[in-house]
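One structure below.
In my numbering, the protein residues as written are -1 to 83.
Quick look at the structure:
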């Protein structure tokens, strides 16, 4: 991890398109501004972690649900339907 010391109104460049500015310091809080292209997604760390957790949870496939879907697909292809036909 790179650790830098900056004062209010000083900047840090990330690549050549993202500029981070120290806007204010009050006690233990630091306000920063981020100037980046509109297509750059910027998240607070704790929000990013929650997004990752939710994406991981959504990507898990329940084995029984997968089997049920495969069975339904098989019945549909054989012409037996899936609604009690």
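Don't be surprised by glycine CBs; every beta carbon is placed ideally from N, CA and C.
Annotation for residue 31: the continuous beta strand (DSSP E) segment containing it runs 27 to 33. Taking a contact as a CB-CB distance under 8 angstroms, the pair residue 28 and residue 18 does not count as one, their CB atoms being some 11 angstroms apart. Distance between residue 38 and residue 77, taken at the CA atoms: about 49 angstroms.
In the structure shown, residue -1 falls within a coil segment according to DSSP collapsed to helix, strand and coil. Rounded to whole angstroms, residue 11 and residue 34 show a C-alpha spacing of 10 angstroms. In this structure, residue 32 places its C-beta atom within 7 angstroms of the C-beta atom of residue 40. Shown here for residue 6: same chain residues with a beta carbon closer than 8 angstroms to its own, the five before and five after excluded, namely 20, 21, 22 and 23 in chain order.
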